[in-house]
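In full-length UniProt numbering, the protein residues as written are 1 to 260. All C-beta atoms, glycine included, are put in the ideal place defined by N, C-alpha and C.
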Amino acid sequence: MNMLNTIERQQEIVRLTQQQGKVSVTELASRFGVSEVTIRSDLATLDQKQLLVRSRGGAMVNSELSRELSLKEKGSCYSALKRELGAAAAALVQNGDRLLLDSGTTTEQVAHHLMQHEDLIVMTNGLNIATVLAKSESVEVMLTGGLLRKKSMSFYGSSAEKSLGDYNFNKLILGVDGFDLKAGLTTHFEKEASLNRMMVELATEVIVVTDSSKFDQQAFHVICGCRHIHRLVTDTGIPPHYVEALEKLGVQLHLVERSQ
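In structure tokens:
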């Protein structure tokens with residue numbers, strides 16, 4: 001682990017804190033092969049960014065992270081992994097597909113990997129995603145319209161939902177804020193959950209793409225239950241009991257190797 005740079009180390013510290021609930025300075029210094037002074041500096045930085053909470057001798061999970069991160073903050077978390085997840089999800093899209101692509105930073109990475117597809121129609125509620133795909137000569141881009149939520153650069157509302165009803169989509173690629181076996185797929189924003197539910201109902205095949213930090217996390221607003229998923233694109237950090245449970249539900253898993 002001592003080969004990680006500062007940003008990579010701090011991202012891993014956030015992941016460990018989310019996974020374990022709390023971490024200690026001593027444990028982290030040993031794990032990453034750096035001094036305790038360096039770890040304390042990392043924790044202070046992450047606390048300031050509200051990605052965790054400093055505690056005596058270490059740090060604990062920020063229950064607010066369960067708070068919603070801005071698009072910019074989300075984009076900086078696990079960026080290399082998100083690119084790989086985006087590529088893996090895009091590989092499930094065929095030329096000629098009629099695709100619904102949810103807003104978000106991981107789904108934006110999917111968009112980057114769709115640029116060379118042919119005869120592809122993509123409808124999205126993400127302004128950032130439409131901007132990416134606008135550069136492609138071979139992908140037809142449609143926006144849901146609606147009210148723009150600037151924090152996430154996503155559209156929502158009744159007009160956005162109404163626009164979906166006029167078309168047929170054979171695939172949906174959906175990002176989530178929380179993934180829990182009992183609670184299902186969840187997100188922080190009520191109006192986005194409503195739009196996402198409609199997307200799930202309309203699409204023939206539902207593909208969820210998320211990094212493993214979202215497992216055992218619950219945001220307040222439910223999108224749908226796990227049984228509605230056809231494929232899940234995530235990384236090898238997924239807890240083993242999720243693999244077993246989802247395979248029993250018939251969900252096809254596509255796992256990206258996560259560097260340790």
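Inset, instruction - Could you say if the stretch 55–62 and the stretch 19–31 meet the contact criterion of at least three C-beta pairs nearer than 8 Å? - result: yes
Legend entry - the stretch 217–228 in contact with the stretch 179–187 per 3-pair CB rule at 8 Å: yes
Inset, instruction - Quick one: which unbroken beta strand (DSSP E) runs of 3-plus residues sit fully inside the stretch 196–253? Chain order, please. - result: 203–209, 221–224 and 231–235
Legend entry - Reduced DSSP category for Arg149 - H, G, I as helix; E, B as strand; rest coil: strand
Legend entry - Enclosing beta strand (DSSP E) for Gly25 [first to last residue]: One detail in the question is off: residue 25 reads as Val in this sequence, not Gly. Note, Val25: premise wrong, no beta strand (DSSP E); alpha helix (DSSP H) at Val25 to Phe32.
Inset, instruction - Can you grab the Cα-Cα spacing for the pair Glu84 / Leu246, in whole Å? - result: 22 Å
Legend entry - Option in Ser35, Pro239, Leu172 and Ser138 with minimal Cα separation from His230: Leu172
Legend entry - Closest residue to Asp216 among Thr6, Thr204 and Tyr242 (Cα-Cα distance): Tyr242
Legend entry - Alpha-carbon to alpha-carbon, Lys135 and Gly146: 22 Å
Inset, instruction - Report the rounded CA-to-CA distance for Leu255 versus Thr144, giving the unit in angstroms. - result: 30 Å
Inset, instruction - Look at the Cβ atom of Val200, then the Cβ atom of Val209, and state whether they are nearer than 8 Å. - result: no
Legend entry - Exposed unless 16 or more other CB atoms sit within 10 angstroms - verdict on Gly250: exposed
Legend entry - When Met115, Pro240 and Leu127 are compared against Thr105, the one with the closest alpha-carbon: Leu127
Inset, instruction - Take the Cβ of Leu71 as the centre, count every other Cβ of all protein chains shown within 10 Å, and call the residue buried at 16 or more, exposed below. - result: Summary for Leu71: the model assigns pLDDT 48, below 50, so the residue's position carries little reliability, and this model does not support an answer.
Inset, instruction - Starting from Glu108, follow the alpha helix (DSSP H) in both directions and report where the run begins and ends. - result: Thr105 to His112
Legend entry - Separation of Arg31 from Ala203, as counted between CA atoms: 44 Å
Legend entry - Nearest candidate by alpha-carbon position, reference Thr236, set Gln18, Leu81, Asn196 and Thr45: Leu81
Legend entry - heavy atom of the ligand GDP below 7 Å from His241 C-beta: By its list of ligands, the structure shown contains no ligand whatsoever, and the ligand GDP lies outside what it can speak to.
Legend entry - Glu12 in three-state terms, based on DSSP: helix
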